[in-house]
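Here's the structure, in structure tokens; my notes come after.
Numbering (my numbering), first residue to last: 4 to 361.
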């Protein structure tokens, strides 16, 4: 059974159009109706800041709340009864062939695979679960059998040798009372019961072994999460590292804590795996920047270079090479705004110089 880990919800969206409007309004105050392109002081042009028209890819990002940790927990136990006699320490990584817990001093051992151990296997058994068991035996160093979907006497002999090494009864048969099958190694997150407690289905909680960030993304923003995409993650200590989106889960609906009917929210769990540089970071809340829009190979200028024209729309003041005095106003169309720059179209070329009013 799985438990949702504690995960924060989205809070902030970057690149505000309101900020753009304020910048444009400031520019309009300088170059609004009734004013031409000439500065009051003919010599002031030389002192103005300028910028270059650049051809680049503009990227708009959205900032989402996430949680750094080891992901969701799963709880494991047994249906066989008995007394819990051993549990691994919290934080222990349990690998293939290692015990996850002991009941009456009998281990339940982790094997790696995708098919749960749902029946007892012995001579004459056939199926993909037999193939999976034999692959695990081979990985643990046991041989003398053919790896296929048939449990033979040779397979049984290898099982008996394995059982001898585990210190359990050598039956030559394997069932759910001896093994737990999981996709990979497990990290012990929590003990569900103390030593000496009656054994049951909830004995130990585990997670995966790879630290990751989980973001609960609002359903209407699902499109910004793409598997394989590179993202930026700001860690609890303030440092920023890169990460990769490794999974985008199906929508999950949860009730609001208030319990008010109709207050449910639907989110999409997004998993981000961090790259080098985050090993020492503490678990906790993080900010994840996801790409929400992108415009490739476009001409851009600083947003502050935009001038609100008296006839409507926007323009920029272009300073020709070697020219003195005021520049010429060129009307432009605007596209995406991102990172303080804006996509522009019009009578401009890459490398042109534009004035950035102070």
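Don't be surprised by glycine CBs; every beta carbon is placed ideally from N, CA and C.
Contacts around residue i, its chain only, beta-carbon distance under 8 Å, and the 5 residues preceding and following it disregarded
i           : result
residue 93  : 191, 192, 193, 194
residue 361 : 51, 52
residue 228 : 218, 220, 248, 251, 271, 273, 293
residue 312 : 34, 318, 332, 334
residue 183 : 79, 103, 111, 112, 113, 114, 120
residue 234 : 245, 246, 247, 248, 275, 291, 292, 293, 294
residue 101 : 112, 113
residue 45  : Unreliable positioning characterises residue 45 in this predicted model, as indicated by a pLDDT of 42, which lies under 50. The coordinate reading is nonetheless provided below. So the list reads 328, 329, once near-sequence residues are dropped.
Where residue i falls: helix, strand or coil (DSSP)
i           : result
residue 223 : helix
residue 185 : strand
residue 333 : strand
residue 133 : helix
residue 138 : helix
residue 341 : strand
residue 346 : strand
residue 352 : coil
residue 148 : coil
residue 75  : coil
residue 110 : strand
residue 56  : coil
residue 119 : coil
residue 154 : coil
residue 82  : coil
residue 328 : coil
residue 87  : strand
residue 69  : strand
residue 320 : strand
residue 358 : strand
residue 215 : strand
residue 103 : strand
residue 143 : coil
residue 312 : coil
residue 51  : coil
residue 96  : strand
Among the options, nearest to residue i - alpha-carbon criterion
i           : options            : result
residue 180 : 355, 231, 81, 324  : 81
residue 54  : 308, 184, 109      : 308
residue 354 : 317, 322, 257, 340 : 322
residue 174 : 124, 145, 207      : 124
residue 127 : 157, 144, 145, 107 : 157
residue 394 : 62, 183, 86        : Shown here, the chain extends from 4 to 361; a query on residue 394 therefore has no answer.
residue 58  : 153, 209, 186, 298 : 298
residue 339 : 324, 357, 305      : 305
residue 131 : 168, 237, 116      : 116
residue 199 : 88, 329, 356       : 88
residue 288 : 236, 207, 267      : 236
residue 178 : 159, 168, 187      : 159
residue 243 : 231, 230, 205, 284 : 284
residue 186 : 135, 176, 300, 356 : 135
residue 356 : 169, 164, 324      : 324
residue 205 : 232, 73, 133, 77   : 77
residue 300 : 320, 348, 314      : 348
Beta-carbon spacing of residue i, residue j below 8 Å
i           : j           : result
residue 99  : residue 114 : yes
residue 161 : residue 148 : yes
residue 278 : residue 245 : yes
residue 342 : residue 71  : no
residue 96  : residue 212 : yes
residue 302 : residue 346 : yes
residue 295 : residue 65  : yes
residue 215 : residue 171 : no
residue 358 : residue 330 : yes
residue 2   : residue 153 : Outside the shown range of the chain, which is 4 to 361, sits residue 2, and nothing can be said about it.
Cut-off 6 Å between Cβ atoms - residues of its own chain near residue i, not counting five sequence neighbours on either side
i           : result
residue 218 : 67, 69, 273, 291
residue 352 : none
residue 189 : 97, 209
residue 254 : 222, 269, 271
residue 166 : 173
residue 203 : 80
residue 143 : 100
Residues of its chain near residue i, where Cβ-Cβ distance is below 7 Å and the 5 sequence neighbours each way are ignored
i           : result
residue 141 : 150
residue 316 : 334
residue 62  : 294, 297, 341
residue 267 : 256, 257, 258, 259
residue 109 : 171
residue 201 : 86
residue 164 : 145
residue 84  : 202
residue 133 : 124, 152, 153, 154
residue 344 : 61, 303, 304, 305, 306
C-beta neighbour in chain D for residue i, strict 8 Å
i           : result
residue 350 : Included in the structure is just one protein chain, with no chain D present.
Distance cut-off 7 Å: residue i Cβ against heavy atoms of the ligand ADP
i           : result
residue 237 : This structure simply doesn't include the ligand ADP, nor any ligand for that matter.
Secondary structure, beta strand (DSSP E): runs of 3+ residues fully inside the segment 227-310: 233-237, 243-251, 255-257, 268-277, 287-305
Can you give, in chain order, each stretch of the alpha helix (DSSP H) that sits fully within the segment 156-212 and has at least 4 residues? 156-169
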